[in-house]
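**Q** Structure incoming, see below.
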Amino acid sequence: MWLKNLLTENWRSKLIALFFAISIWFVAYQSEVKRATLKYRVRFKPREPGKTAIVGLRSPGQTMSFFPPSGEWEEEITIEGPREQVDQIRGAGADKAFVISVQKDDESHEFKQADFDFPRSGVSIRSFRPERLRIEQDGIEERTISISDLPGIVEVTERRPEGKLSIEVDGPAAGLRIRGPVSVLEDDRFALRVTVPMKFQASEEGLFDLRVHPDTEKVKQTVQIWKDFDLKPGETPGWVWFTDPVRIRVSTVVEESSDTFSVERARLLFQLPLIQVACKVSLKDVPLGTATIPVAFEGPLKAIRQLRERPEITLIVPAPAEFDAEKGGTFNFIEADLKVKDFPGVSVLQHESRKAQQAAFWSYEINVLAAEGSDKK
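Residue numbers for the sequence shown follow the numbering used here, beginning at 1236 and rising by one.
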């Protein structure tokens, strides 16, 4: 009975007291000071990006600077404030990257609350780790790789071992303009590279990735190229980083070095010059009984192979520089004067056997025919 009276007597006052007790506890709990450790991403940016570049960061105690992945430093901070607000900030996560601008002559940066938008909602930063960073900056310099030097940046893999290689790079006529920190550009390891896998074919053409070497975060994020080639619809020329793909058109052809082979007499035709009088033109130094004709060809590997497979090869003989329509005459030429019909990229060279014979030139004779026996050949 006494227990019942204890619980039921003056029950309204007891409920009011319980309500206020719980309210005071809740307010005290929420107002309790709480601490939490967060990590925020920080990117340092020069105020004049076209003149200076950040090339390294170094925290206290480190002897060598480094360039963080993606160019972002991860700073650890400890925040302090009301529990509810601290929990809200923690729940929001740390996905945002904070950008901190640095002056040209700044050699270090001491972190401040304003760098991370604090204080806010009664929460402030109690400590930074580290409190200060050393910042290494370098001046920006621009250089140009001339169009004539562009083949030197091409690396061809999986190609046939024989023959020399012809490389053409379809870049800007003024050359490739690059800019970056002086310390990076003057590094002996620095270079632009384009790798073209030929897959054992005689030629390869297309768009290939233009890369910067060495392939480190520091180099990729501090070196830029003026991109006014391979522009997509709506794309305008401008400076781009090597963190984005840059492609350039390259054409590579394996050219066979001087390839000498004997051509059967029946396969070789000489296209002699057309003379506007009745005459007989005969090629000397090539007797009709000759089984083979000593010539050498040089040109693209594909063209040389096609020549080998052709049943007939036509060589165009140069026209005489001066011609007497009444007397005719004998005219000399050398192998380099000959043209291969339908193969403008193939040259005719002197065969080794003719070199051994010290045969300096070829010749053909034009005999003018009488009018009544006119027969043009």
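Each residue gets a CB set at the ideal place from its N, CA and C atoms; glycine is no exception.
(1) Can you tell me whether R1394 is buried or exposed, with buried defined as 16 or more other CB within 10 angstroms of its CB?
(2) Excluding five sequence neighbours on each side, which residues of the same chain lie with their C-beta closer than 8 Å to the C-beta of A1538?
(3) Exposed or buried, what is K1280 when buried is set at 16 or more other beta-carbons lying within 10 Å of its beta-carbon?
(4) According to the neighbour-count rule (16 or more other Cβ atoms, all chains shown, within 10 Å of its Cβ), is W1597 buried or exposed?
(5) So the candidates are W1308, Q1456, G1406, G1534; which of them puts its Cα closest to the Cα of D1465?
(6) Sort out for me which residues DSSP pairs A1289 with in a bridge.
(7) Could you work out which residue in V1489, K1576, Q1585 is closest to E1570 when comparing CA atoms only?
(8) Measure the C-alpha to C-alpha separation of K1453 and G1415 and round it to an integer number of angstroms.
(9) Give the DSSP bridge partners of I1551, in chain order.
(10) Quick check: the segment 1433-1442 against the segment 1307-1314, are there 3 or more CB pairs under 8 Å?
(11) Using the Cβ count rule (16 or more neighbours within 10 Å means buried), how would you classify P1529?
(12) So what does DSSP say about F1346, is it helix, strand or coil?
(13) Would you call E1533 buried or exposed, if buried means 16 or more other Cβ atoms sit within 10 Å of its Cβ?
(14) Distance, Cα to Cα, I1380 vs I1289?
(15) By DSSP's criteria, H1586 is part of a beta bridge. Which residues make up the other side?
(16) Among L1503, R1278, I1510, S1438, whose alpha-carbon lies nearest the alpha-carbon of L1368?
(17) Going by the DSSP bridge assignment, what does A1271 pair with across the sheet?
(18) Is R1424 near the ligand GTP, judged by its Cβ being under 7 Å from some heavy atom?
(19) Determine the direct distance from the alpha carbon of V1475 to that of L1445, and round the result to whole angstroms.
(20) Exposed or buried, L1504, counting other C-beta atoms within 10 Å across all chains shown (16 or more means buried)?
(21) Based on the DSSP secondary-structure assignment, which residues constitute the bridge partners of D1444?
(22) Locate the beta strand (DSSP E) running through S1359, then write down its first and last residues.
(23) Give the secondary structure of D1559 by DSSP, where H, G and I count as helix, E and B as strand, and everything else as coil.
(24) Could you tell me which uninterrupted alpha helix (DSSP H) segments, each at least 4 residues in length, are contained entirely in the segment 1395-1475, listed from first to last along the chain?
(25) Would you mind stating whether I1510 and F1558 have Cβ atoms separated by less than 8 Å?
(26) Terminal residues of the continuous beta strand (DSSP E) containing A1531?
(27) To the nearest angstrom, report how far apart V1498 and F1425 are at their CA atoms.
**A** With the structure as the only source:
(1) buried
(2) F1578, G1580, V1581
(3) exposed
(4) buried
(5) G1406
(6) According to the sequence displayed, residue 1289 carries Ile and not Ala. Q1372, per the DSSP bridge assignment.
(7) Q1585
(8) 11 Å
(9) As DSSP reads the structure, I1551 sits in a beta bridge with Q1506, K1574.
(10) Touching, no, given that fewer than three Cβ pairs across the two stretches are closer than 8 Å.
(11) buried
(12) coil
(13) buried
(14) Rounded to whole angstroms, I1380 to I1289 spans 24 Å at the Cα level.
(15) According to DSSP, H1586 bridges with nothing at all.
(16) R1278
(17) I1314
(18) In the structure on display, the ligand GTP does not appear, and there are no ligands present to speak of.
(19) 12 Å
(20) exposed
(21) R1482
(22) 1359-1364
(23) When DSSP states are grouped into helix, strand and coil, D1559 belongs to the strand group.
(24) Qualifying alpha helix (DSSP H) stretches, in chain order: 1417-1420, 1452-1457.
(25) yes
(26) First-last of the beta strand (DSSP E) with A1531: 1531-1535.
(27) 50 Å
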